[in-house]
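What follows is a single structure, written as structure tokens, with notes after it.
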Amino acid sequence: MTASSVEAMHSIDELFDKIAAITDIDIMPGVNDPSCHMLPQQPLHPCMFPSSSKRKTTHCLTNPYDFQIGDIRFLGTSGQNLDDIDLQSTIDNRVQILENCLKWCAIAPTCPDTLSCYPYVKNDPFIITDTPHVFFAGNQPKFETRIFQGIITIDLFL
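Our numbering applies: residue 1265 is where the sequence shown begins, and numbers increase by one.
Shown next as structure tokens:
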């Protein structure tokens, strides 16, 4: 690590610590983070966040990540799945790619061909079996949303 990256990690840890003092914070690894590059990415080690990780409100999580708040189910990634589909297809709209992933029932349909993933034999953890209420991808070029109504009549926020 360079001095500037150590300084950056210290700054982000301070920010996370301030946020975690008042609410829960979930941290997912992304494409350039010090985590395995293969999906599913394992959580960043708490030692990366020496101050904020001491709080019970700081949670280091996997990528992708599936969770529920009340009756609302969320499913999200750090965006590598959309980046790879963007490279492999002619779809030029990221929220359209996200919607297509729902239609295809696959979080990362290009795994393992062009997007690295852990090899699974019996089941594919990237298959969407339960439609989430909110499906999101981080680290995108711009913020976009869309309401999607699939085969099952559920309003979905993309």
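C-beta: ideal position from N, C-alpha, C; glycine also.
Terminal residues of the continuous alpha helix (DSSP H) containing H1274? Unbroken alpha helix (DSSP H) run through H1274: A1267 to A1284.
Less than 8 Å between the CB atoms is what I'm expecting for L1366 and F1412, so what's the real figure, rounded? In this structure, L1366 and F1412 form a Cβ contact; the two beta carbons are roughly 6 Å apart against a cut-off of 8 Å.
Apart from the five residues just before and just after I1283, which ones in its own chain have a Cβ nearer than 6 Å to its Cβ? For I1283, where only same-chain residues beyond five positions count, the Cβ hits under 6 Å are I1289.
Shortest alpha-carbon distance to I1291 belongs to which of L1308, M1302, S1299 and A1272? Of the listed residues, the one whose Cα sits closest to I1291 is L1308.
Would the region 1351 to 1363 count as touching the region 1313 to 1321 if we require 3 or more Cβ pairs under 8 Å? The region 1351 to 1363 makes no contact with the region 1313 to 1321: fewer than 3 CB pairs, one atom from each, lie closer than 8 Å.
Which listed residue (Q1344, P1389 and N1387) has its alpha carbon closest to that of P1405: For the residues Q1344, P1389 and N1387, the minimum Cα distance to P1405 belongs to Q1344.
Which runs of the alpha helix (DSSP H) fall wholly inside the region 1295 to 1363 and span at least 4 residues, in chain order? With a minimum length of 4 residues, the continuous alpha helix (DSSP H) runs that stay inside the region 1295 to 1363 are 1344 to 1352.
Euclidean distance between Cα positions of N1357 and D1297: Cα to Cα, the separation comes out at about 25 Å.
List the endpoints of the continuous beta strand (DSSP E) containing Q1413. Run containing Q1413: I1411 to Q1413, per the beta strand (DSSP E) assignment.
Taking the beta strand (DSSP E) that I1392 belongs to, which residues open and close that run? Counted as a single uninterrupted DSSP element, the stretch harbouring I1392 is not any beta strand (DSSP E), since DSSP gives it neither H nor E.
Option nearest S1380 by Cα separation, candidates H1301, E1271 and P1293: Proximity to S1380 across H1301, E1271 and P1293 peaks at H1301, based on C-alpha coordinates.
Around the C-beta of P1304, are 16 or more other C-beta atoms found within 10 angstroms, so that it is buried, or is it exposed? By the 16-neighbour rule on beta-carbons within 10 angstroms, P1304 is buried.
With DSSP run on the structure shown, which of helix, strand or coil describes C1365? Reduced to three states, the DSSP call for C1365 is helix.
Sort S1342, T1395, D1347 and L1362 by Cα distance to T1378 and report the nearest one. With distances taken between Cα atoms, T1378 lies closest to D1347.
Report buried or exposed for C1369, applying the criterion of at least 16 other Cβ atoms within 10 angstroms of its Cβ. So C1369 counts as exposed.
For D1281, count neighbouring C-beta atoms within 10 Å of its own C-beta (all shown protein chains included) and say buried if the count is 16 or more, exposed if not. The residue is buried, with at least 16 neighbouring Cβ atoms inside 10 Å.
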